[in-house]
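As structure tokens, the structure follows; a few thoughts come after it.
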Amino acid sequence: MEVVLVETVNAARSESRAGLESTAPGIHPTALIAPGARLGEGVKIGPWCSIGPDVVVGDGVEMVANVVVDGCTTLGAESRYFPFTTVGLAPQDLKYKGEPTRCEIGARTVVREHVTIHRGTVTGSGLTRVGADCLIMANAHVAHDCTLGDRVIIVNNVVMGGHVSIDDDARVMGSAAIHQFVRIGRAALVGGVAGVEADVIPYGSVLGNRARLVGLHWIWLRRNGVDSAQIHRMRKAFQALYPRGGGDDVFAQRIGVVREQYGSDAKIEEILRFIEAPSRRGLVRVAREECSSSETEAG
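When we follow the UniProt record's numbering, the leftmost residue of the sequence shown carries the number 1, and every step to the right adds one.
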């Protein structure tokens with residue numbers, strides 16, 4: 001990335017005859033860019049955008065208008081930001097005392113209107129990170145120390161508490177609320193208006209307030225080339241982990257049985273490892289009435 005020093009941009013502005021035409025291509029004359037900010041090649045910064053002194057803007061980034069970026073924030077190449085988005089502002093955490101923490105947005109991610117993404121805290125990881133190729137729709141909130149993987153879709157009005165982790169390819173539908181420290185596994189689906197208080201397994205599908213596990217995210221699996229034989233194995237493994245009536249054995253025993261029968265399947269092993277990983281919130285409970293042999297089409 002070839003960096004354009006903002007001092008150069010501001011000097012060019014001051015030399016313009018009326019002060020209303022920027023000689024820096026793609027930067028609107030009303031944009032407020034602090035000295036020290038670093039801009040990549042081919043950026044487009046629209047009217048009334050504000051960029052802080054510690055911000056790094058990657059090549060080809062576009063800010064449509066009225067976007068505010070502050071703090072030690074890095075915007076990945078070709079990411080796009082729509083009006084009234086704020087990125088990298090101070091976290092909503094009473095323990096935060098202005099310490100230097102970070103925010104990173106991945107390449108080609110799209111952030112729509114009125115989204116707020118806050119930087120991390122020193123009591124957390126110190127970093128809020130959104131991966132590449134994500135779509136964060138209007139009015140969503142990504143709190144301090146959250147981590148979103150690649151290709152995550154966050155639909156309108158979703159809110160997250162701090163320290164939430166959402167893995168690659170997950171989908172969170174409109175107006176869902178996610179409790180702090182919750183983990184959402186790879187390619188999981190969170191239904192609209194769900195209240196998620198606990199972790200969602202990879203490829204899981206949860207619905208309701210409070211959210212309950214209703215099956216696996218079959219549509220994603222099919223659309224992403226998972227063959228029918230593997231889908232059949234995953235369905236059988238899911239039924240073994242979450243039998244009708246709950247079963248008489250303990251959950252740890254079921255994990256052992258499933259690993260013995262299906263542990264060679266990478267996706268099933270991924271689910272088991274997620275279940276066994278340390279957790280602050282535990283796992284979302286299963287909706288017993290929904291766990292049948294049929295392929296739940298939630299998604």
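Glycine included, every Cβ here is placed at the ideal spot set by N, Cα and C. This one's a predicted model, so the numbers in the text were calculated from it and none came from an experiment.
Could you tell me whether the Cβ atoms of I268 and R233 are closer together than 8 angstroms? Position 268 of the sequence shown holds residue 268. Position 233 of the sequence shown holds residue 233. Yes.
Can you tell which of S175, A237 and K236 has its C-alpha closest to the C-alpha of L207? As a first step, residue 207 is located in the sequence shown; it is residue number 207 there, counting from the start. Looking at the Cα atoms, S175 is the closest of the given residues.
Please identify the residue among P35, R119 and R285 whose C-alpha is closest to the C-alpha of L241. Looking up residue 241 in the sequence shown gives position 241. L241 has its Cα closest to that of R285, out of P35, R119 and R285.
Measuring only the C-alpha atoms, how far is V111 from Q261? Start at 1 with the first residue of the sequence shown, and residue 111 comes out as number 111. Start at 1 with the first residue of the sequence shown, and residue 261 comes out as number 261. Approximately 43 angstroms between the Cα atoms of the pair.
Once you ignore the five residues that flank L75 on each side, which residues in its own chain have a CB closer than 6 angstroms to its CB? Here the question's residue 75 lines up with position 75 in the sequence shown. Here the set comprises V57, G58, V61 and I105.
Excluding the five sequence neighbours on either side, which residues of its own chain have a C-beta within less than 7 angstroms of the C-beta of T123, listed in chain order? Taking the first residue of the sequence shown as 1, we reach residue 123 at position 123. Correct list, in chain order: K95.
Near I271, which residues of its chain fall below 6 angstroms by C-beta distance, leaving aside the five closest residues on each side in sequence? Locating residue 271 in the sequence shown gives position 271, counting from the first residue. So the list reads I201 and P202, once near-sequence residues are dropped.
Per DSSP, what kind of secondary structure is I51 in: helix, strand or coil? On the sequence shown, residue 51 is found 51 positions in, with the first residue counted as 1. Here I51 sits in strand by DSSP.
Drop a sphere of 10 angstroms on the beta-carbon of F251, count the other beta-carbons inside from all chains shown, and report buried for 16 or more, exposed for fewer. Here residue 251 corresponds to residue number 251 of the sequence shown, with the count starting at 1. Exposed, because fewer than 16 other Cβ atoms sit within 10 Å of the Cβ of F251.
Cβ-Cβ separation, G191 to F274 (assumed contact under 8 angstroms), whole Å: Against the sequence shown, residue 274 aligns to sequence position 274. Against the sequence shown, residue 191 aligns to sequence position 191. Actually they are not in contact, since the Cβ atoms of F274 and G191 sit about 19 angstroms apart, beyond 8 angstroms.
Could you pull out every residue in the same chain whose Cβ sits closer than 6 angstroms to the Cβ of L43, ignoring the five residues on either side in sequence? Here residue 43 refers to the residue found at position 43 when the sequence shown is read from its first residue. The question names Leu, but residue 43 is Val in the sequence shown. Excluding residues within five positions, the ones whose Cβ falls inside 6 angstroms are G26, V57 and V61.
Check for me: the beta strand (DSSP E) holding residue 359 runs from which residue to which? The first residue shown for the chain is 1 and the last is 299, placing residue 359 beyond what the model contains.
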